[in-house]
Amino acid sequence: MKIYIALLLFLGSLQLHAGNEPVDSTITKPAKKFTVVLDAGHGGKDPGKLVSSVREKDIALKVVKYLGKELEDHTDIEIVYTRTTDKFLELYQRADIANKAKADLFISVHCNAAASRSAKGNETWVLGLHRNADNLEVVKRENAVILLEEDYEEKYAGFDPNDPASFASNLIVQEEYLDNSIEMASKVQSNFEADLKRKNRGVKQAGFAVLRLSYMPSVLIETGFITNAEERKFLSSSTGQKKVAHAIYDAVIKYKANRSLNDFVIEDITDLSETVESNNTIYKVQIAASKNKIEAKSYNFKKLPSISREQEGAIYRYFTGSFNDLKKAQDLQKKAVKLGYKSAFIVKYENGERSRL
Ligand SMILES: [Zn+2]
């Protein structure tokens, strides 16, 4: 019995150790490679949009493969594919693959379709709750695949594929990544416009299931309209697919460069730590939320002072500083933003209750 308990303790400590590794490179020193999940939309029994024997699922897969090939040259990037063949994958499985890989970025590649043959250009989607009628149509189309899945009611409990407003549960988590998702989406859009001379239909927000279920910055790219003869020809050609892949590739590289801000040094930051009276109101700066448990050490967070961690369900929240003086918290928030924690915000503790300022 004793041996058994000792073994359990030993295994437990091993696990604890593994759990403490600084694995999330968006918020720590990149101890692991920058991981990008490439998701070719649709597949197998779900062809996606289909016009004149051109199938969305084939274009998506080819673009993703060209994109992966270009990214493979970077030894500091790890690529994970949701599919490399013409197979059917449920939406939650795609998000699962990304979550298990603890990916830094999720990219889903699609093609658009419209009743009007003149509709053209590309757009990139990030998760949002905007209930705009146009958006709702796109969401219905891309989420419709859920209805092909067996037991979808169980797997997407409380989720109506036709109603983006039913998604609220995971939104708080995705909100943490929204700034980064928008940054990536904007880079994709400007590359398509500048390099491919495509009409820029903008960065848009809607409740795509595949974006909602993944816990990382995530974008869904509509690379063009296969209902438009010119774009269909372009997207079906290997030249076009390579160009599209390259535009996305370039956005990934630029996005990644912005995440590597770890070498910043700030000199006067130690002055910002102070002893606080815990019976008073306390202010902290929230810098990150992640599924990854990271040691609450300054070196894991770009040398920001007094790091603390709180668990809430499956999510860990990370804070810097601890002040009775709001002004000091605001100064530290500004520094955190400068260091790359763009969505850092102040939280207030009163009578043991945390609230966002
Ligand atoms: Zn699609």
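Numbers -18 to -1, 1 to 339, taken from mature numbering (1 follows the signal peptide of the UniProt record, and there is no 0), label the letters of the sequence shown in order.
Quick reminder that beta carbons are idealized off the backbone N, C-alpha and C, glycines included.
{"query": "Quick one: grab the DSSP three-state call for Leu339.", "result": "coil"}
{"query": "Would the beta-carbon of Glu60 fall within 8 Å of that of Lys15?", "result": "yes"}
{"query": "For a test of the three-state rule: what should DSSP assign to His56, helix, strand or coil?", "result": "coil"}
{"query": "Would you mind working out which of Ser90, His24 and Phe305 sits nearest Ser196, comparing C-alpha positions?", "result": "Ser90"}
{"query": "Using a Cβ-Cβ cutoff of less than 7 Å, which residues in the same chain neighbour Tyr231 once the five nearest sequence positions on both sides are dropped?", "result": "Leu49, Glu52 and Leu53"}
{"query": "Measure the C-alpha to C-alpha separation of Lys215 and Thr221 and round it to an integer number of angstroms.", "result": "10 Å"}
{"query": "Can you find a heavy atom of ligand 1 that lies under 7 Å from the Cβ of Gly23?", "result": "yes"}
{"query": "Looking only at its chain, what residues have a beta carbon closer than 7 Å to the beta carbon of Gly26, apart from the 5 residues adjacent to it on each side?", "result": "Asp68, Lys69 and Phe70"}
{"query": "Please list, in chain order, all residues of the same chain as Met166 whose beta carbon is under 7 Å from its beta carbon, the five residues on each side excluded.", "result": "Leu87, Pro199, Val201, Ala233 and Tyr237"}
{"query": "State the Cα-Cα distance for the pair Ser34 and Glu292, rounded to the nearest angstrom.", "result": "54 Å"}
{"query": "Excluding the 5 residues preceding and the 5 following Lys225 in the sequence, name in chain order all residues of the same chain whose CB lies nearer than 7 Å to its CB.", "result": "Leu178"}
{"query": "Any heavy atom of ligand 2 closer than 7 Å to the Cβ of Gly26?", "result": "Here the bound small molecules are ligand 1; ligand 2 is not part of this structure."}
{"query": "Which residues does DSSP pair with Gln187 in a beta bridge?", "result": "Val108"}
{"query": "Should Phe305 and Ile269 be called a contact, given that it needs their Cβ atoms to be closer than 8 Å?", "result": "no"}
{"query": "Indicate whether Ser163 and Leu109 have their beta-carbon atoms separated by less than 8 Å.", "result": "yes"}
{"query": "Is Gly30 near ligand 1, with its Cβ less than 7 Å from a heavy atom?", "result": "yes"}
{"query": "Consult DSSP for Arg241 and reduce its assignment to one of helix, strand or coil.", "result": "helix"}
{"query": "Run the CB neighbour count on Ile9, radius 10 Å, all protein chains shown included, and call it buried at 16 or more, exposed below.", "result": "In this prediction, Ile9 has a pLDDT of 46, which is less than 50 and means its spatial position is unreliable; what the coordinates show is noted afterwards. Ile9 is buried by the Cβ-count criterion."}
{"query": "Can you have a look at Leu43 and say buried or exposed, based on whether 16 or more other CB atoms are within 10 angstroms of its CB?", "result": "buried"}
{"query": "I'd like to confirm something about Glu38: is its beta-carbon nearer than 7 Å to some heavy atom of ligand 1, or not?", "result": "yes"}
{"query": "Suppose the cutoff is 6 Å on Cβ atoms and the five residues either side in sequence are ignored; what does the same chain contact list for Val329 look like?", "result": "Lys266, Gln268, Arg336 and Arg338"}
{"query": "Can you check the stretch 24 to 109 for any alpha helix (DSSP H) of at least 4 residues that lies completely inside it and give the ranges in chain order?", "result": "38 to 54 and 73 to 82"}
{"query": "Look up Arg180 in the DSSP assignment and say whether it is helix, strand or coil.", "result": "coil"}
{"query": "I'd like the span of the beta strand (DSSP E) that includes Ser272, first residue to last.", "result": "Ile264 to Ser272"}
{"query": "For Gly295, name the three-state secondary structure that DSSP assigns.", "result": "coil"}
{"query": "What are the residues that DSSP puts in a beta bridge with Asp21?", "result": "Ser90"}
{"query": "What whole-angstrom Cβ distance do Glu38 and Ile203 have, given they're in contact under 8 Å?", "result": "No, Glu38 and Ile203 are not in contact; Cβ-Cβ is about 12 Å, not under 8 Å."}
{"query": "For ligand 1, I want to know if His92 counts as a neighbour, meaning its beta carbon is within less than 7 Å of at least one of the ligand's heavy atoms.", "result": "yes"}
{"query": "Give the single residue among Ser288, Asp58 and Gln312 whose Cα lies nearest to the Cα of Lys279.", "result": "Ser288"}
{"query": "Suppose you measure from the CA of Gly303 to the CA of Ala318; what does that come to, to the nearest Å?", "result": "10 Å"}
{"query": "Do Val46 and Thr205 have their beta-carbon atoms positioned less than 8 Å apart in this structure?", "result": "no"}
{"query": "According to DSSP, is Gly222 helix, strand or coil?", "result": "helix"}
{"query": "I'd like to check one pair, Gly295 with Lys181: are the Cβ atoms closer than 8 Å?", "result": "no"}
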